[in-house]
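Chemist: For the protein sequence lines, the chains are V and G, in the order given. Sequential numbering of the first sequence, starting at 1393, is according to our numbering. Sequential numbering of the second sequence, starting at 1393, is according to our numbering. Don't be surprised by glycine CBs; every beta carbon is placed ideally from N, CA and C. No experiment lies behind these values; they were computed from the predicted model shown.
2 protein chains.
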Amino acid sequence: MRLRSPTTLPMTTTLSYTQLFAFTEAVFSGMGCPDEDATLATETLLSADLRGVDSHGVARLIGYVRLWEAGRINAAPRVGVTYETPSTAVVDGDGGLGLVVGPRAMQVALDKARQVGSGWVSVKNSNHFGIAGYHAMKALAHDMIGVAMTNASPLVAPTYSLERLLGTNPIAVAVPAGEQPDFVLDMATTTAANGKLEIAQRKNLPIPEGWAQDAAGVGSTDANAVKNGGALLPLGGATGSHKGYGLGAVVDIFSAVLSGANYGPWVPPFVAFLQPSENPVGQGLGHFFGAMRVDAFRPADEFKAHMDNWIATFRAAQAVEGHHVLIPGDPERETSAVRLLEGIPLLEPVLKDLETVGSKFGVKL
Amino acid sequence: MRLRSPTTLPMTTTLSYTQLFAFTEAVFSGMGCPDEDATLATETLLSADLRGVDSHGVARLIGYVRLWEAGRINAAPRVGVTYETPSTAVVDGDGGLGLVVGPRAMQVALDKARQVGSGWVSVKNSNHFGIAGYHAMKALAHDMIGVAMTNASPLVAPTYSLERLLGTNPIAVAVPAGEQPDFVLDMATTTAANGKLEIAQRKNLPIPEGWAQDAAGVGSTDANAVKNGGALLPLGGATGSHKGYGLGAVVDIFSAVLSGANYGPWVPPFVAFLQPSENPVGQGLGHFFGAMRVDAFRPADEFKAHMDNWIATFRAAQAVEGHHVLIPGDPERETSAVRLLEGIPLLEPVLKDLETVGSKFGVKL
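1) Hey, quick one: how far does the alpha helix (DSSP H) through V:Thr1405 stretch, first residue to last?
2) In chain order, which continuous runs of the alpha helix (DSSP H) of length 4 or greater are located wholly inside the region 1465–1540 of chain G?
3) Locate the beta strand (DSSP E) running through G:Gly1682, then write down its first and last residues.
4) Does V:Leu1597 have its Cβ less than 8 Å from a Cβ in chain G?
5) Between which two residues does the beta strand (DSSP E) containing V:Ala1564 stretch?
6) Quick check: the Cα distance between V:Ala1497 and V:Gly1611, rounded to an integer number of angstroms?
7) DSSP three-state call for G:Pro1737: helix, strand or coil?
8) Do we get a CB-CB distance below 8 Å when we pair V:Trp1512 with the residues of chain B?
9) Need the endpoints of the alpha helix (DSSP H) that G:Leu1577 sits in, please.
10) Short of 8 Å in beta carbon distance, which residues of its chain neighbour G:Gly1509, apart from the five on each side in sequence? Order them along the chain.
11) Would you identify the three-state DSSP class for G:Pro1440, choosing helix, strand or coil?
12) What are the boundary residues of the alpha helix (DSSP H) that V:Met1423 is part of?
13) Taking 7 Å as the cut-off, does the CB of G:Gly1622 come closer than this to any heavy atom belonging to the ligand FMN?
14) So the alpha helix (DSSP H) V:Asn1620 belongs to, where does it begin and stop?
15) Examine the Cβ distances between the region 1625–1642 of chain V and the region 1631–1651 of chain G and report whether three or more of them are shorter than 8 Å.
16) Can you name, in chain order, every residue of its own chain whose Cβ lies under 7 Å from the Cβ of G:Gln1605, other than the five neighbours on each side?
17) With a cut-off of 8 Å, do at least 3 Cβ pairs link the region 1450–1470 of chain G to the region 1484–1500 of chain G?
18) Using 8 Å as the cut-off, can you tell me whether the region 1582–1592 of chain G makes contact with the region 1661–1671 of chain G, which would need three or more C-beta pairs spanning the two stretches below that distance?
19) When DSSP labels each residue in this structure, what does G:Val1445 get in the three-state scheme?
20) If you measure between the beta carbons of G:Thr1406 and G:Leu1453, is that distance less than 8 Å?
21) Indicate whether V:Pro1737 and V:Thr1436 have their beta-carbon atoms separated by less than 8 Å.
22) Is V:Ala1711 helix, strand or coil when you go by DSSP?
23) Distance check for V:Leu1757 and V:Leu1743, CA to CA, integer angstroms please.
24) Can you check whether the C-beta of G:Tyr1409 is within less than 8 Å of a C-beta belonging to chain V?
25) Using alpha carbons as the reference points, say which of G:Ala1440, G:Val1649, G:Phe1662, G:Ile1563 lies closest to G:Phe1681.
26) Against chain G, with Cβ distances strictly below 8 Å, would V:His1715 count as a contact?
27) Could you tell me which residues DSSP pairs with V:Gln1605 in its beta bridges?
28) If contacts are defined as beta-carbon pairs under 8 Å, then G:Gly1656 and G:Pro1546 qualify, I think. What distance do you get, rounded to the angstrom?
29) For V:Gly1638, return the contacting residues in chain G, with the cut-off set at a CB-CB distance below 7 Å.
30) Could you spell out the range, first to last residue, of the alpha helix (DSSP H) harbouring G:Gly1587?
31) List, in chain order, every chain G residue whose beta-carbon is nearer than 9 Å to that of V:Gly1525.
32) Determine, for V:Met1541, whether the minimum Cβ-Cβ distance to residues of chain G falls below 8 Å.
33) Is the beta carbon of V:Asn1561 closer than 8 Å to that of V:Asn1586?
34) With DSSP as the reference, label V:Ser1553 as helix, strand or coil.
35) Does DSSP put V:Val1717 in a helix, in a strand, or in coil?
36) Give the DSSP-derived three-state secondary structure of V:Val1643 in the structure shown.
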């Protein structure tokens, strides 16, 4: 099923989730991923497309393939715990896809939480893991709170810095509710993701103040600012970027200084045409996962009843004309329901990239 | 030693830390705090004044006293664990000063971390606990990472809300280093603290965009906006307040939905002239504390050497002309060193409040 949507600009093609799943899984298999890993990597990657985070889904498949071609991804990693206590662990991703390493490490956190109430896992020697929210949400089915973070290629300037020293370093927190849909926060610690700048570039539009600075460190509304030697600004932008910087720093420290991954400017770039540092301070990039059983604090039913009340109260708040108050996770959950049913729209350049990737492995869309 | 500083406007009086400590301790004793609690509460409260967070220090002593007079603070609480697993606990603050309950609960987190690698404690039935950073920093001496959060009286509107449903809900994370000074992030999840609006009010100045909205939910530069039915904006302000809202929500859930404290609009107000809700959803206000041994992830010396490298790298980054890149905690540490030596400057209205408080208990400044 491929439906052209003539009214949308730029041109998109819609593929069913099933079709896109089969294609992506075949590509990962072609790279040499064991079957179980190919399926897992596909589920992790496509969770971004389902949830409407198009910048982190199949649009990146070609990027993963190129990293693998450059010998920078191990398609069949032996992921394992290298250091632990009853409630903590370091997991070595063995250079694998973060899409596979992430869920395995989160499983370690869940197992530890089952045993001692909470589990906290820092990961080294990994690669990009898709969207943080997917990993945090793994806790929900177990009546646990899930936490996921990752560091990423340096694109962000700390407050007053001319240098890019941090990634967009996202934080996700998923909290189970009872009758209400779960609470799922998934946010970059920058004001805007780089993907939003790319959209503005394509449309030749200026960007809002507080998103980026130019090469001289001056706030800029030029969508090409980051490309031309500038940097993304931490969350808080013009009036409070020290807070976003602080949060991004915590993500970097928890993900990499705790585990022994690369941090700050040493985080390996996602794009294969940029080389990783010749003097790394650790192995690969890093993640951090957490899980807390809600019944490690109070009976789960009691917790979930109050969580329902929390959600219902916030959702019912009197709102600005024409708007209503959202609960973190609402837009993504709604998009997911629609896309599971109606398919996932892909921009023409993404479709072209997928065809390129498919041709490498003899897989057809 | 009381030195008038004629050049500073508005007029300030400088008291030595020792003098202010003795006075504050005597006031807490006068309220009926056991000796140990009076000393602990004083240390906690004055850590704000030392670190330059003047809005959260002795300036609030009169507020605590009024709450006590209104029967809303228990001066001699029996603080205890009511629910636990090896790595988690709920602490009941028995209506005590957060300044006393907080350190006791953090101690539970530290003890659990010593045993099983990490400890996570949610607290109910407490009151305001001073600055979050003080509590997180308790972990540093033990080569642990410390985390502290608290909910607070509702002053903040979630994105699109006309109602105030969250407090300024701060997050603090303290990370030990080796040769370098420790990393200490301590931030409200709003763009600006209410104290900054009060300063602008006194000076009759407008506030920057992104700090507040008016009663109609429109962004406002009027320093009286919050007073007149408006609200503080979550971190991210005009272009990303959904992220600050999400972070503030996580603080509220971890501090109160996990523990059984009041959350959202039910959080009891700090000021005694506003009554708490007649239909509370929990007990008192809530905090959340965490501690992770760094050697629960890798050898402590190794961690601290990399943390030193992280800090040195960020501090040395090329910076905007006339500035340099700060590490979270730098300004507060520097202020603390100066004020320990030179004393703590107090504004005239604060000094007057202290004299009022002192006269209640027959204590002289």
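Modeler: Based on what the coordinates show:
1) No alpha helix (DSSP H) contains V:Thr1405, which is instead part of the beta strand (DSSP E) from 1404–1407.
2) 1490–1508, 1524–1529
3) 1677–1685
4) no
5) 1563–1567
6) 39 Å
7) strand
8) Looking for chain B here will not work: the only protein chains present are V and G.
9) From DSSP, G:Leu1577 is part of no alpha helix (DSSP H) but of the beta strand (DSSP E) over 1575–1579.
10) Ser1479, Met1684, Arg1685, Ala1688
11) The sequence given here has Ala at residue 1440 of chain G, not Pro. Correct three-state label for G:Ala1440: helix.
12) Unbroken run through V:Met1423: none, as it is neither H nor E.
13) Among the components modelled here there is no ligand, and therefore nothing to report on the ligand FMN.
14) From DSSP, V:Asn1620 is part of no alpha helix (DSSP H); its letter is neither H nor E.
15) yes
16) Ala1549, Gly1611, Ser1612, Ala1617, Gly1622, Ala1623, Leu1625
17) yes
18) no
19) coil
20) no
21) no
22) strand
23) 9 Å
24) no
25) G:Ile1563
26) yes
27) V:Gly1611, V:Ala1623
28) 7 Å
29) Leu1577, Met1579, Pro1720
30) 1586–1595
31) Those do not exist, as V:Gly1525 stays about 11 Å from chain G at its closest Cβ, beyond 9 Å.
32) no
33) no
34) strand
35) coil
36) helix
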